[in-house]
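The listed protein sequences derive, respectively, from chains A and B.
Quick note on the working numbering: the first sequence kicks off at 676 and runs consecutively.
Quick note on the working numbering: the second sequence kicks off at 90 and runs consecutively.
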Amino acid sequence: MSEREVLELLRENARYSTEDIARMTDLEESEVEAVVEELESTGVVRGYRAVVDWDRLEDEKVRAEVELNVELDRETNYGDVAERLARFPQVKALRLVSGDYDFDMEVEGDSIREVSMFVSEKVAPVPEITQTVTHYVMTSYKEGGIELGDGDEDDRLSYTP
Amino acid sequence: MTFELADRVQAVPPSGIRRFFEIAEERDEVISLGVGEPDFSTPWAARDAAIASLEQGKTSYTANRGRADLRESIADYVADRFDLGYDPDEEIIVTAGASEAVDLAFRAFVDPGDTVAIAQPSYVSYEPGVVFAGGEPLPVPTHEEDDFRLTVDALEDAGAADADALVFCYPNNPTGAIMTRADLEPVAEFAREHDLLVFADEIYAELTYDGEHTSIATLPGMRERTVVFNGFSKAHAMTGLRLGYALGPADAIGAMNKIHQYTMLSAPTTAQYAALEALDSCANDVREMVDQYDRRRRFVLSRFREIGMDVFEARGAFYCFPEVPEGFTAEEFAEELLREQGVAVVPGDVFGEGGAGHLRISYATGLSELREALARIEAFVDDHEGPE
Ligand SMILES: Cc1ncc(COP(=O)(O)O)c(C=O)c1O
Numbered sequence: 676m677s678e679r680e681v682l683e684l685l686r687e688n689a690r691y692s693t694e695d696i697a698r699m700t701d702l703e704e705s706e707v708e709a710v711v712e713e714l715e716s717t718g719v720v721r722g723y724r725a726v727v728d729w730d731r732l733e734d735e736k737v738r739a740e741v742e743l744n745v746e747l748d749r750e751t752n753y754g755d756v757a758e759r760l761a762r763f764p765q766v767k768a769l770r771l772v773s774g775d776y777d778f779d780m781e782v783e784g785d786s787i788r789e790v791s792m793f794v795s796e797k798v799a800p801v802p803e804i805t806q807t808v809t810h811y812v813m814t815s816y817k818e819g820g821i822e823l824g825d826g827d828e829d830d831r832l833s834y835t836p
Numbered sequence: 090m091t092f093e094l095a096d097r098v099q100a101v102p103p104s105g106i107r108r109f110f111e112i113a114e115e116r117d118e119v120i121s122l123g124v125g126e127p128d129f130s131t132p133w134a135a136r137d138a139a140i141a142s143l144e145q146g147k148t149s150y151t152a153n154r155g156r157a158d159l160r161e162s163i164a165d166y167v168a169d170r171f172d173l174g175y176d177p178d179e180e181i182i183v184t185a186g187a188s189e190a191v192d193l194a195f196r197a198f199v200d201p202g203d204t205v206a207i208a209q210p211s212y213v214s215y216e217p218g219v220v221f222a223g224g225e226p227l228p229v230p231t232h233e234e235d236d237f238r239l240t241v242d243a244l245e246d247a248g249a250a251d252a253d254a255l256v257f258c259y260p261n262n263p264t265g266a267i268m269t270r271a272d273l274e275p276v277a278e279f280a281r282e283h284d285l286l287v288f289a290d291e292i293y294a295e296l297t298y299d300g301e302h303t304s305i306a307t308l309p310g311m312r313e314r315t316v317v318f319n320g321f322s323k324a325h326a327m328t329g330l331r332l333g334y335a336l337g338p339a340d341a342i343g344a345m346n347k348i349h350q351y352t353m354l355s356a357p358t359t360a361q362y363a364a365l366e367a368l369d370s371c372a373n374d375v376r377e378m379v380d381q382y383d384r385r386r387r388f389v390l391s392r393f394r395e396i397g398m399d400v401f402e403a404r405g406a407f408y409c410f411p412e413v414p415e416g417f418t419a420e421e422f423a424e425e426l427l428r429e430q431g432v433a434v435v436p437g438d439v440f441g442e443g444g445a446g447h448l449r450i451s452y453a454t455g456l457s458e459l460r461e462a463l464a465r466i467e468a469f470v471d472d473h474e475g476p477e
């Protein structure tokens, strides 16, 4: 299952070099390249990007989780609504979920004003949408599986039996 | 009034790594590959169980042999994972680390003058343990040409046929060597033939890469003459919780318990709750940690080959055991590497005969530190390469 192993390593750190991945999996570098190419071309891997702790930057981004309720008519389904919403560049993630609301949408903007204008002027008017509830992100503790704390210093003794 | 040391204490030299530790303390930015403990934290479920037990005020002594439910879980676990069948009531004792189990076994079965054969290179505590018990350690060097496995030739050459007991550890600290069933069979036969007790330290059993760990106690005629040590320090990343156990025939465990009940009373109670939970629900955490170690192992082996240092193909524990390049003793290499490049490694001599000329490298360290440490080792080797 080299595909799974390579995928796990890429998920851990997409910047591992082909060489490092080859060492860790006992594959040839050319094999690693082939697996990565396969993962990309079949759309399993959709892209690579940095996990950012925005709180550490001066010019913070504003992010919000928006709950959306929709009411469907005979002609439209969830996919149609999702397609329309996903096209907005402000929308960073969009998922259909079970529970009290239908869609879970992640929105990013430069200011609270920008995000709320976006929700009220672009999202709320979509005819199928019956309700939006916006939750602004105050502090992020974990993103993309990575904890954003300072991390523990290794306080083990430097020599142990 | 001065304290006059008992001969047994005087007979044991100070630890070979203490001096290095002092150098490392003075230097900034040391990357340590000198540690014999996981860099992972104890799985959360186990920590939570420990916390909950404290919140409920469960801080009394337990039964001497450990909580009955924990012994049952251990019995199920070793049966499931290693095909070892032991009765939780009489054949298992929970101890303060495998370390205590080792000490109890030596004290329970070694008489003054008895000889205990020790497969070397080995974990550093067996030899002092035997001396403290009044016995005489008999080093049995193993060799790289045999993949650091214990062979009947090595036992015979060292004179182990006349010994009273034999102690070994596979997967091995410091070499990373393992022994398969086929490798163990002749050793078992030797032990039966010469009537040796066997102490098998299997604390790294879970950390066996490609393949399954085999315990010598599962070989014919071995159960009745073997005590197996294991514990939660390594695979479950619980070193500081100090919890281990021993498995053996009822008489043997009863004898060990006799000492344990007067010296330790019972293993730490909080740790017993953590261990119970670790066995109950942390198998996935263990598997994930083992996968990580395995990847690091491959990485480190491959880098050593690239650097041009001969390295033994370690297949267990979290150590690898490269040879130092010509022109150095292991001590010199380790000390100069620490002073010049700030990388801490342990010279193989510390682990007894058979370890000379090697270094113990622990890969219980994050991949980015490993990458940096190996780059520094490479730079060190390049700097010191003699004229061709
Ligand atoms: C081979 C071996 N046995 C036993 C121990 C000690 O284990 P514990 O923490 O359970 O006392 C160690 C620790 O380094 C070890 O390497």
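Glycine is no exception: its CB is placed at the ideal position from the N, C-alpha and C atoms.
Leaving aside the five residues before and after residue 128 of chain B along the sequence, list all residues of the same chain whose C-beta is less than 8 angstroms from its C-beta, in chain order.
Here the question's residue 128 of chain B lines up with position 39 in the second sequence. The residues are 453, 454, 455.
Does at least one heavy atom of ligand 1 sit under 6 angstroms from the Cβ of residue 258 of chain B?
To locate residue 258 of chain B, count along the second sequence from 1; it is residue 169. Yes, the beta carbon of residue 258 of chain B sits closer than 6 angstroms to at least one heavy atom of ligand 1.
Distance between residue 173 of chain B and residue 284 of chain B (C-alpha atoms, nearest Å)
Your numbering for residue 284 of chain B matches position 195 in the second sequence. Your numbering for residue 173 of chain B matches position 84 in the second sequence. Computed Cα separation, rounded: 22 angstroms.
Work out the CA separation of residue 756 of chain A and residue 748 of chain A for me, nearest whole Å.
As a first step, residue 748 of chain A must be located in the first sequence, where it is residue number 73. As a first step, residue 756 of chain A must be located in the first sequence, where it is residue number 81. Looking at the two C-alpha atoms, the distance is approximately 11 angstroms.
Please report the Cβ distance between residue 767 of chain A and residue 781 of chain A, rounded to the nearest whole angstrom; I am assuming they are in contact, meaning their Cβ atoms lie under 8 angstroms.
As a first step, residue 767 of chain A is located in the first sequence; it is residue number 92 there, counting from the start. As a first step, residue 781 of chain A is located in the first sequence; it is residue number 106 there, counting from the start. The pair is a contact, with the Cβ atoms about 4 angstroms apart (cut-off 8 angstroms).
Could you tell me whether the Cβ atoms of residue 112 of chain B and residue 458 of chain B are closer together than 7 angstroms?
By one-based count along the second sequence, residue 112 of chain B stands at place 23. By one-based count along the second sequence, residue 458 of chain B stands at place 369. No; because the gap between Cβ atoms is not below 7 angstroms, this pair is not in contact.
Can you find the residues in the same chain that come closer than 7 angstroms, C-beta to C-beta, to residue 477 of chain B, ignoring five residues on each side of it along the sequence?
Along the second sequence, one-based indexing puts residue 477 of chain B at 388. Only weak support is given to the placement of residue 477 of chain B: the predicted model assigns it a pLDDT of 49, under 50, and the value that follows is read from those uncertain coordinates. Answer for residue 477 of chain B: no residue qualifies.
Residue nearest to residue 334 of chain B in terms of C-alpha spacing, selected from B:167, B:314, B:96:
As a working note, residue 334 of chain B is residue 245 in the second sequence. If we check each option's Cα against that of residue 334 of chain B, B:167 comes out closest.
In the DSSP output, which residue or residues are listed as bridge partners for residue 779 of chain A?
Translated into positions along the first sequence, residue 779 of chain A becomes position 104. A:742, A:770, per the DSSP bridge assignment.
Residue 106 of chain B touches chain A at which residues, Cβ-Cβ below 7 angstroms?
Taking the second sequence and counting its residues from 1, one reaches residue 106 of chain B at position 17. In chain order: 834.
Tell me residue 289 of chain B's beta-bridge partners as DSSP assigns them.
Taking the first residue of the second sequence as 1, we reach residue 289 of chain B at position 200. According to DSSP, which records beta bridges pairwise, residue 289 of chain B is partnered with B:257, B:317.
Using the three-state DSSP reduction, which class does residue 822 of chain A fall into: helix, strand or coil?
As a first step, residue 822 of chain A must be located in the first sequence, where it is residue number 147. Of the three classes helix, strand and coil, the one that applies to residue 822 of chain A here is strand, per DSSP.
Since residue 304 of chain B contacts residue 171 of chain B with CB under 8 angstroms, what's their CB separation in whole angstroms?
Along the second sequence, one-based indexing puts residue 304 of chain B at 215. Along the second sequence, one-based indexing puts residue 171 of chain B at 82. Between residue 171 of chain B and residue 304 of chain B the Cβ distance is about 5 angstroms, and since that is below 8 angstroms, they are a contact.
With a threshold of 16 other CB atoms inside 10 Å of the CB of residue 242 of chain B, please say whether the residue is buried or exposed.
Within the second sequence, numbered from 1, the residue matching residue 242 of chain B stands at position 153. With fewer than 16 Cβ atoms within 10 Å of its Cβ, residue 242 of chain B is classed as exposed.
Which residues, taken in chain order from the stretch 120-132 of chain B, show a beta carbon closer than 7 angstroms to some beta carbon of chain A?
121, 123, 124, 125, 126, 128
Among the residues of its own chain, which have a CB less than 6 angstroms from the CB of residue 404 of chain B, if the five just before and after it don't count?
Along the second sequence, read from residue 1 onward, the residue named residue 404 of chain B stands at position 315. The answer, listed in chain order, is 267, 298.
7 angstroms Cβ cutoff met for residue 238 of chain B and residue 222 of chain B:
Here residue 238 of chain B corresponds to residue number 149 of the second sequence, with the count starting at 1. Here residue 222 of chain B corresponds to residue number 133 of the second sequence, with the count starting at 1. No, the Cβ-Cβ distance between residue 238 of chain B and residue 222 of chain B is not below 7 angstroms.
Please report whether the beta-carbon of residue 188 of chain B lies at a distance below 7 angstroms from any beta-carbon of chain A.
Here residue 188 of chain B corresponds to residue number 99 of the second sequence, with the count starting at 1. False, the Cβ-Cβ gap to chain A never drops below 7 angstroms.
Where the alpha helix (DSSP H) containing residue 217 of chain B begins and where it ends
Reading the second sequence from its first residue, position 128 is the one you call residue 217 of chain B. Here the alpha helix (DSSP H) through residue 217 of chain B covers 215-221.
Neighbouring residues (CB closer than 6 angstroms to any heavy atom of ligand 1):
A:836, B:125, B:186, B:187, B:188, B:212, B:258, B:262, B:290, B:292, B:320, B:322, B:328, B:333
What first and last residue would you give for the alpha helix (DSSP H) that runs through residue 358 of chain B?
Here residue 358 of chain B refers to the residue found at position 269 when the second sequence is read from its first residue. Residue 358 of chain B -> alpha helix (DSSP H) spans 358-370.
Any residues in the stretch 211-228 of chain B with a beta carbon nearer than 8 angstroms to a beta carbon of chain A? Which ones, in chain order?
212, 213, 214
Within the chosen definition, does the stretch 301-318 of chain B reach the stretch 329-349 of chain B through at least 3 CB pairs nearer than 8 angstroms?
yes
Is there at least one Cβ from chain B nearer than 7 angstroms to residue 831 of chain A's Cβ?
Locating residue 831 of chain A in the first sequence gives position 156, counting from the first residue. Yes, residue 831 of chain A lies at the interface with chain B (some Cβ there is under 7 angstroms from its Cβ).
Can you look up residue 808 of chain A in the DSSP assignment and give me helix, strand or coil?
Counting from 1 along the first sequence, the entry for residue 808 of chain A is found at position 133. Correct three-state label for residue 808 of chain A: strand.
DSSP has residue 204 of chain B in a bridge; who is on the other side?
In the second sequence, counting from the first residue as 1, residue 204 of chain B sits at position 115. Paired residues: B:225.
Over the uninterrupted beta strand (DSSP E) stretch that includes residue 451 of chain B, give me the two end residues.
Counting from one through the second sequence, the residue named residue 451 of chain B turns up at place 362. Here the beta strand (DSSP E) through residue 451 of chain B covers 448-451.
Under the three-state reduction of DSSP, which class applies to residue 412 of chain B: helix, strand or coil?
In the second sequence, the residue the question calls residue 412 of chain B occupies position 323. In this structure, residue 412 of chain B counts as strand in the three-state DSSP scheme.
Taking a cut of 8 angstroms between CB atoms, which residues from the stretch 389-404 of chain B lie near chain C?
No chain C is part of this structure, whose protein chains are labelled A and B.
Consider the Cβ of residue 387 of chain B: report whether some Cβ of chain A lies at a distance smaller than 7 angstroms.
Position 298 of the second sequence, counting from 1, holds the residue named residue 387 of chain B. Closer than 7 angstroms to some Cβ of chain A, the Cβ of residue 387 of chain B qualifies, so yes.
Does the stretch 271-286 of chain B come close enough to the stretch 413-432 of chain B to have 3 or more Cβ pairs within less than 8 angstroms?
no
Show which residues of chain A have a CB atom less than 8 angstroms away from the CB atom of residue 433 of chain B.
Position 344 of the second sequence, counted from the start, is the residue given in the question as residue 433 of chain B. What residue 433 of chain B touches in chain A: 833, 834.
Cβ of residue 805 of chain A within 7 angstroms of Cβ of residue 741 of chain A?
Here residue 805 of chain A corresponds to residue number 130 of the first sequence, with the count starting at 1. Here residue 741 of chain A corresponds to residue number 66 of the first sequence, with the count starting at 1. No, Cβ-Cβ distance for residue 805 of chain A and residue 741 of chain A is not below 7 angstroms.
Counting only the same chain and skipping the five closest in sequence on each side, list residues whose C-beta sits under 7 angstroms from that of residue 118 of chain B.
In the second sequence, the residue the question calls residue 118 of chain B occupies position 29. For residue 118 of chain B, where only same-chain residues beyond five positions count, the Cβ hits under 7 angstroms are 431.
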